[in-house]
Amino acid sequence: AQSVSQHNHHVILSEAASLELGCNYSYGGTVNLFWYVQYPGQHLQLLLKYFSGDPLVKGIKGFEAEFIKSKFSFNLRKPSVQWSDTAEYFCAVNAYSGGGADGLTFGKGTHLIIQP
Amino acid sequence: DAGVIQSPRHEVTEMGQEVTLRCKPISGHNSLFWYRQTMMRGLELLIYFNNNVPIDDSGMPEDRFSAKMPNASFSTLKIQPSEPRDSAVYFCASSLGQRNTIYFGEGSWLTVV
Chain A
1 AQSVSQHNHH
11 VILSEAASLE
21 LGCNYSYGGT
31 VNLFWYVQYP
41 GQHLQLLLKY
51 FSGDPLVKGI
61 KGFEAEFIKS
71 KFSFNLRKPS
81 VQWSDTAEYF
91 CAVNAYSGGG
101 ADGLTFGKGT
111 HLIIQP
Chain B
1001 DAGVIQSPRH
1011 EVTEMGQEVT
1021 LRCKPISGHN
1031 SLFWYRQTMM
1041 RGLELLIYFN
1051 NNVPIDDSGM
1061 PEDRFSAKMP
1071 NASFSTLKIQ
1081 PSEPRDSAVY
1091 FCASSLGQRN
1101 TIYFGEGSWL
1111 TVV
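Those sequence lines, one after another, are chains A and B.
Counted from 1, the first sequence has number 63 at position 63 by my numbering; the numbering is strictly sequential.
Counted from 1, the second sequence has number 1108 at position 108 by my numbering; the numbering is strictly sequential.
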């Protein structure tokens, strides 16, 4: 079974600072990788995803993530954060087993607070 | 397009009562997932269905929990009897096939007192 580890549970940054949230997964086969964001009191929304191809993927709101297969990592980055980026960020993986869809396995989440 | 629709959005119930959460997946999606979110355990996959068939229910915490998907456009998650430790946000999600994005509903906020 796969597992996902997010290194930082809480991150506090000032506006305009650069962001990098770490994510590592454990699974030996082919995986699909996702970052979801959950704003306070809301549901999860997809930020970006990686299935195959270019390991550097760009998502909404200026976020990007890089898949490094040798490190089993899929870190999320944003060059300049805004106060509105305050939210919970979840890294997720699902294994590609060739059958129907498998459920996502989520990391514990990183609570990001952006100070004005 | 309508997203994943869940009901009720909020429910407060007394311990021992039956709770039924409902979900309508996005039209055309053939995979449906139930997740539970708590502060202590984060997001946990409870069960998922492919083409209305339960595939993996290993995440269902105990026999008090059951889920059904009688057709492609409707699923229920039932807790009977409910306990205070079941208090959580329950998310339903759906996707089309395996290599597609999983879309989440807005969640059902359950409080058992």
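Quick reminder that beta carbons are idealized off the backbone N, C-alpha and C, glycines included.
Remark: C-beta atoms of A:Gly103 and B:Tyr1090 do not approach each other more closely than 8 angstroms. Taking the CA atoms as reference points, B:Arg1036 sits about 34 angstroms from A:Ala16. Between A:Leu48 and A:Phe63, the beta carbon gap of about 6 angstroms places them in contact (Cβ cut-off 8 angstroms). Assignment of A:Ile60 by DSSP, reduced to helix, strand and coil, places it in the helix class. A distance below 8 angstroms separates the beta carbons of B:Lys1024 and B:Phe1074.
The three-state reading of DSSP puts A:Lys78 in strand, counting E and B together. The alpha carbon of A:Ile114 has as its nearest neighbour, out of A:Val31, A:Thr86, A:Trp35, A:Leu56, the alpha carbon of A:Thr86.
Less than 8 angstroms divides the Cβ of A:Ser73 from the Cβ of A:Asn24.
Residues of chain B whose Cβ lies closer than 9 angstroms to the Cβ of A:Leu46 are, in chain order, Thr1101, Ile1102, Tyr1103, Phe1104.
Within the stretch 1024-1044 of chain B, the residues whose Cβ lies closer than 7 angstroms to some Cβ of chain A are Ser1031, Phe1033, Gly1042, Leu1043, listed in chain order. If you draw a straight line from the Cα of B:Gly1107 to the Cα of B:Glu1044, it comes to about 13 angstroms. Counting only the Cα atoms, B:Ser1027 lies some 9 angstroms from B:Gly1003. Taking the Cα positions, A:Arg77 is about 15 angstroms away from A:Ser14.
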